[in-house]
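What follows is a single structure, written as structure tokens, with notes after it.
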Ligand code: HEM
């Protein structure tokens, strides 16, 4: 029986496993927002906050936490569970404050700005690799040849992963993030277990190596923090590095891909950006984050009864912020369904809010802006050369292949 506080809630047509929702969630988001408050979803057993004000309240409310709850049986999933339990994404203050403090400095805006010229060089190297074929009129895949390698190169360099090992990162990360989805096969689960074990063992070994021979990189910095007064246990260190590698590139790949498909589908916006890439790259990057956000659903658990947007979320119940829906809320954004590379102001919530606000946001912004500007400066008339292929996932929504030509 539905508890009384849920009586008037609509279930909506929201099913993150459905092809239709993955293909185009925006009509369903509009319906959910029209309910005027969070709605209860029986299938998922959680509230959904689809309006901007409700989603924003969910990520900021201190009575709602990112509390680690083992989702999977310990016998089979001990290694994977450990990565979730010990990571910055699985805890609240005071543990969260400690982990966040260690990362906050490395990802502070000033430190990241210093990387901008180097990120621009990396973009040029990738574009040089495409140049001959592009000039020949041959199609190339914007995801595989540009959007995907860039963030992996950047985060691997920051962390200090040796060049010779970088090819290992993308497959491990891709296998792990599938576990964030509601729809997954036994084969994908088995691959995630193997990835968790291999990835953890790799980071443990690298951390031991950096302890013996320190270098000027983030892993050394974290290992040294571990040594100074036990501030970071070794399992926390491993989980933190794994989260940085996953979070550090999956969302960035999807954001550049989603934004580029939107841009190439709006030729007048593309011409506008191509005329003034230096002036408009920053606002265009923010519009990429808002218009077709790469991350859609973030859960919280109520630590006490909490009121959000007129409903009471009882202690122990879960509520999800639908960030992609919030970013299309016409109460906040004029012409919310229009793609506008010069949009200002643009107070999107693609990076979340509150204490878990994306610690990598300064890096993600510099990467996006630089990648976009470098691409448009070199190929102002880039166009789609076929139908992009969608990844079959909702929580991390994006394209697996975007064929383009010059
Ligand atoms: C377009 C790119 C990105 C988007 C849209 C994005 C989005 C987000 C969001 C929405 C959260 C909050 C999760 C929550 O409230 O539950 C988050 C957290 C986080 N992100 Fe990002 N992210 C991006 C790129 C990055 C990058 C490049 C890094 C690091 C290299 C990164 C590292 C993290 C970490 C470590 C957290 C956890 C922060 C905490 O719990 O305090 N992200 N991100």
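In the numbering used here, the protein residues as written are 10 to 415. We put the CB at the ideal spot given by N, CA and C, even for glycine.
Query raised in the report: Is residue 37 near the ligand HEM, with its Cβ less than 7 Å from a heavy atom?
Result: Taking the chain shown and counting its residues from 1, one reaches residue 37 at position 28. Residue 37 Cβ: outside cutoff for every heavy atom of the ligand HEM.
Query raised in the report: Does the ligand HEM have a heavy atom nearer than 7 Å to the CB of residue 365?
Result: Along the chain shown, one-based indexing puts residue 365 at 356. Yes, since a heavy atom of the ligand HEM falls inside the 7 Å radius drawn around the Cβ of residue 365.
Query raised in the report: Just to check, is the beta-carbon of residue 261 closer than 7 Å to a non-hydrogen atom of the ligand HEM?
Result: Locating residue 261 in the chain shown gives position 252, counting from the first residue. Under cutoff, so the answer is yes.
Query raised in the report: Can you check whether the CB of residue 59 is closer than 8 Å to the CB of residue 41?
Result: Stepping through the chain shown from its first residue, residue 41 is reached at position 32. Stepping through the chain shown from its first residue, residue 59 is reached at position 50. In terms of Cβ geometry, residue 41 and residue 59 form a close pair [threshold 8 Å].
Query raised in the report: So who's on the other strand from residue 412, going by DSSP bridges?
Result: Within the chain shown, numbered from 1, the residue matching residue 412 stands at position 403. In DSSP, residue 412 forms a bridge with 150.
Query - Per-residue burial, residue 263 [other beta carbons within 10 Å of its own, 16 or more giving buried] - result: Taking the chain shown and counting its residues from 1, the one referred to as residue 263 is at position 254. Result: buried.
**Report entry** Nearest-angstrom Cα separation, counted from residue 201 out to residue 192
**Finding:** To locate residue 192, count along the chain shown from 1; it is residue 183. To locate residue 201, count along the chain shown from 1; it is residue 192. Answer to the nearest angstrom: the Cα atoms are 14 Å apart.
Requested in this report: Could you check which residue in 243, 140, 362 has the C-alpha nearest to that of residue 215?
Outcome: In the chain shown, counting from the first residue as 1, residue 215 sits at position 206. Taking each of 243, 140, 362 in turn and checking the Cα distance to residue 215, the smallest one comes out for 243.
Query raised in the report: Between 249, 321, 378, 336, which lies nearest to residue 288 when the distance is taken from Cα to Cα?
Result: Looking up residue 288 in the chain shown gives position 279. Closest by alpha carbon: 378.
Query raised in the report: Can you tell which of 109, 134, 52 has its C-alpha closest to the C-alpha of residue 380?
Result: Counted from its first residue, the chain shown places residue 380 at position 371. With distances taken between Cα atoms, residue 380 lies closest to 134.
Query raised in the report: So is the beta-carbon of residue 94 under 7 Å away from any non-hydrogen atom of the ligand HEM?
Result: As a working mapping, residue 94 is identified with position 85 in the chain shown. No, Cβ of residue 94 sits at least 7 Å from all heavy atoms of the ligand HEM.
Query raised in the report: Under the DSSP definition of a beta bridge, which residues are partnered with residue 253?
Result: As a first step, residue 253 is located in the chain shown; it is residue number 244 there, counting from the start. DSSP lists no partner for residue 253.
Query raised in the report: The alpha helix (DSSP H) with residue 292 in it runs from where to where?
Result: If you number the chain shown from 1, residue 292 lands on position 283. Element bounds for residue 292: 286-300.
Query raised in the report: Under the rule that 16 or more other beta-carbon atoms within 10 Å means buried, what is residue 93, buried or exposed?
Result: Here residue 93 corresponds to residue number 84 of the chain shown, with the count starting at 1. Buried: at least 16 other Cβ atoms inside 10 Å.
Query raised in the report: Tell me, which residues are paired with residue 392 by DSSP?
Result: Position 383 of the chain shown holds residue 392. Answer is 414.
Query raised in the report: Just to confirm, does residue 160 get its C-beta within under 7 Å of one of the non-hydrogen atoms of the ligand HEM?
Result: Counting from one through the chain shown, the residue named residue 160 turns up at place 151. Checking every heavy atom of the ligand HEM against the Cβ of residue 160, one is found closer than 7 Å.
Query raised in the report: Can the beta-carbon of residue 69 be found less than 8 Å from the beta-carbon of residue 268?
Result: The residue given as residue 69 occupies position 60 in the chain shown. The residue given as residue 268 occupies position 259 in the chain shown. Contact flag unset, no.
Requested in this report: Compute the distance between the beta-carbons of residue 254 and residue 350, then report whether it is under 8 Å.
Outcome: For the purposes of this step, residue 254 is taken as the residue at position 245 of the chain shown. For the purposes of this step, residue 350 is taken as the residue at position 341 of the chain shown. No, they are not a contact pair.
Report task. List the DSSP bridge partners of residue 310. Result -> What you label residue 310 is simply residue 301 of the chain shown in a count that begins at 1. BP columns for residue 310 point to 74, 327.
Query raised in the report: Where are the alpha helix (DSSP H) runs, 4 residues long or more, that stay fully inside the region 99-155, in chain order?
Result: 104-115, 118-122, 125-144
Query raised in the report: According to the neighbour-count rule (16 or more other Cβ atoms, all chains shown, within 10 Å of its Cβ), is residue 153 buried or exposed?
Result: In the chain shown, the residue the question calls residue 153 occupies position 144. That one is exposed.
Report task. Name, in chain order, the residues that DSSP records as bridge partners for residue 358. Result -> Position 349 of the chain shown, counted from the start, is the residue given in the question as residue 358. Residue 358 is not bridged to any residue.
**Report entry** residue 63 to residue 324 span [Cα, whole Å]
**Finding:** If you number the chain shown from 1, residue 63 lands on position 54. If you number the chain shown from 1, residue 324 lands on position 315. In a straight line, the C-alpha of residue 63 is about 18 Å away from that of residue 324.
Query - residue 90, enclosing beta strand (DSSP E) - first and last residue - result: Within the chain shown, the letter at position 81 stands for residue 90. Bounds of any beta strand (DSSP E) do not take in residue 90; it lies within the alpha helix (DSSP H) bounded by 83-94.
**Report entry** For residue 241, three-class secondary structure by DSSP
**Finding:** As a working note, residue 241 is residue 232 in the chain shown. Coil.
Requested in this report: State the DSSP-derived secondary structure class of residue 203, mapped to helix, strand or coil.
Outcome: Taking the chain shown and counting its residues from 1, one reaches residue 203 at position 194. Judged by DSSP in its simplified three-state form, residue 203 adopts helix.
Requested in this report: Using 10 angstroms around the beta-carbon of residue 199, count the other beta-carbons present and answer buried if the total reaches 16, otherwise exposed.
Outcome: Position 190 of the chain shown, counting from 1, holds the residue named residue 199. So residue 199 ends up on the exposed side.
Query raised in the report: How many Å lie between residue 56 and residue 77 at the Cα?
Result: To locate residue 56, count along the chain shown from 1; it is residue 47. To locate residue 77, count along the chain shown from 1; it is residue 68. Going by the C-alpha atoms only, they are around 18 Å apart.
Requested in this report: Check whether the Cβ of residue 109 sits closer than 7 Å to any heavy atom of the ligand HEM, and report yes or no.
Outcome: For the purposes of this step, residue 109 is identified with residue 100 of the chain shown, where counting begins at 1. Yes, Cβ of residue 109 sits closer than 7 Å to a heavy atom of the ligand HEM.
Query raised in the report: Thinking just about the alpha-carbon of each residue, which of 398, 89, 414 is nearest to the one in residue 387?
Result: Translated into positions along the chain shown, residue 387 becomes position 378. Closest option to residue 387, Cα to Cα, is 414.
Query raised in the report: Among 31, 290, 222, 402, which has the Cα closest to the Cα of residue 7?
Result: Any answer about residue 7 is impossible in this case: the structure gives the chain only from 10 up to 415.
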